[in-house]
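Visitor: Position 174 of the sequence shown, counting from 1, maps to 843 under the working numbering, and the rest follow consecutively.
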Amino acid sequence: MPEFMGSAFQIEVQKRMLARHDWIKLQPDVANGGRVMNFLEPAQTGWDVVGQYLAEDGIVVLNAQARENALEQARSIFGAGYDYPMWDVYLGSKEAVQAACRAHVAATPVPEGWRIECLRAPDIQQMETVQALNMETGVAPYPGFYMRSEVVPSMTACLWDAQGVLAATAAVNARFHPASRLGRHIFKGSTSVKPVYQGRGLGKLVNAHVLIDSQVAMGWTGVLSQVSATNIASQKTIAAAGLQPQSALMTVAVLAKGEIFTR
């Protein structure tokens, strides 16, 4: 069953994310990432509160923080007992993203005999297939309850080849509270392309489709994505969707040493 998926460490966090959602949904500066607690304003929420969840889960994520001091502040509070993986932040407006994605879809047809679908509530087989491809490509998979839009609105794009094999997938979700500084933004992530099909632009194609369809379904006005500074392919893929790097911002995770979250 795909209800919880990943390493033992990841699965235990996913279970707690589901149990906590009634509290999370009332906190403007906390977001349910399905796989991890997300904090937009950790000082306002309270570093002691952040620390409580870190102690319980072994991981928290500090989203879109000021680059000039985010890493140093986190290290000064939580110390050398944790790792601090980081991601560059990309943002895009509805207008820029829709223009880029619609142009890409118009210029890049789905290969003959293939099909693409954007799912709000995938079935068990679809979820298991997406989760397996995520894990194959080093992406922490979303749990089933999250993919089915049971805690926040979500959408998963699936590109199937002519033999019915999942060639590529991407996901978006509306995890941010409307009253937060990222209100009405969606989070764009979990792009995975089967290794045999990498290098053919399929990540750009699934991103474009899910961003077009989710805007109609969710009415978002902006998109946030996070990409490792060393992941050049993902940087190009997300930039092709009309998102721009934000040099003043970065996302930092605080992660128990020896554990792995996602690429």
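Glycine included, each C-beta is placed from N, C-alpha and C at the ideal position.
If P812 and F673 are in contact, beta carbons under 8 angstroms, what's the gap, nearest whole angstrom?
Guide: Yes, P812 and F673 are in contact; Cβ-Cβ is about 5 angstroms, under 8 angstroms.
Visitor: Using a 10 Å radius around the Cβ and a threshold of 16 neighbouring Cβ atoms, would you call V896 buried or exposed?
Guide: Buried, since its Cβ has 16 or more Cβ neighbours within 10 Å.
Visitor: Between the segment 882-891 and the segment 700-710, do at least 3 Cβ pairs fall closer than 8 angstroms?
Guide: The segment 882-891 is not in contact with the segment 700-710.
Visitor: Could you pull the start and end residues of the alpha helix (DSSP H) that S903 belongs to?
Guide: Counting along the chain, the alpha helix (DSSP H) containing S903 begins and ends at I901 to A908.
Visitor: Is the Cβ-Cβ distance between C787 and D882 less than 7 angstroms?
Guide: Yes. Within cutoff.
Visitor: Quick one: what does DSSP say Q696 is sitting in, helix, strand or coil?
Guide: Here Q696 sits in coil by DSSP.
Visitor: Please state whether DSSP places S745 in a helix, a strand or coil.
Guide: In the structure shown, S745 sits in a helix (DSSP, three-state: H, G or I).
Visitor: Taking the continuous beta strand (DSSP E) assigned at R784, which residues delimit it?
Guide: From DSSP, the beta strand (DSSP E) with R784 extends over R784 to L788.
Visitor: In the DSSP output, what is Y759 paired with across the bridge?
Guide: Note: Y759 sits in a beta bridge opposite S894 and P914.
Visitor: Do V875 and M755 have their beta-carbon atoms positioned less than 7 angstroms apart in this structure?
Guide: Not closer than 7 angstroms, so no.
Visitor: Can you have a look at K873 and say buried or exposed, based on whether 16 or more other CB atoms are within 10 angstroms of its CB?
Guide: Buried, because 16 or more other Cβ atoms sit within 10 Å of the Cβ of K873.
Visitor: Quick check on G872: does DSSP put it in helix, strand or coil?
Guide: Here G872 sits in helix by DSSP.
Visitor: Using the beta-carbon count (16 or more within 10 Å), is Q795 buried or exposed?
Guide: The residue is buried, with at least 16 neighbouring Cβ atoms inside 10 Å.
Visitor: For T931, is the classification buried or exposed, using 16 other Cβ atoms within 10 angstroms of its Cβ as the cut-off for buried?
Guide: By the neighbour-count rule (16 or more Cβ atoms within 10 Å), T931 is buried.
Visitor: Candidates D691, H846, S676 and A831: which alpha carbon is nearest P697's?
Guide: For P697, the nearest C-alpha among the options comes from H846.
Visitor: Taking the alpha-carbon of Q767 as reference, which of V719, R869 and A909 has the nearest alpha-carbon?
Guide: Comparing Cα positions, the closest option is A909.
Visitor: Can you grab the Cα-Cα spacing for the pair S936 / V808, in whole Å?
Guide: Since the first and last residues shown for the chain are 670 and 932, residue 936 lies out of range.
Visitor: Check whether the Cβ atoms of V730 and L918 sit closer than 7 angstroms, and answer yes or no.
Guide: Not in contact: V730 and L918 (Cβ atoms no closer than 7 angstroms).
Visitor: In this structure, how does DSSP classify H690 when only helix, strand and coil are distinguished?
Guide: Of the three classes helix, strand and coil, the one that applies to H690 here is helix, per DSSP.
Visitor: Measure the C-alpha to C-alpha separation of T838 and V699 and round it to an integer number of angstroms.
Guide: Taking the straight line from one Cα to the other gives about 26 angstroms.
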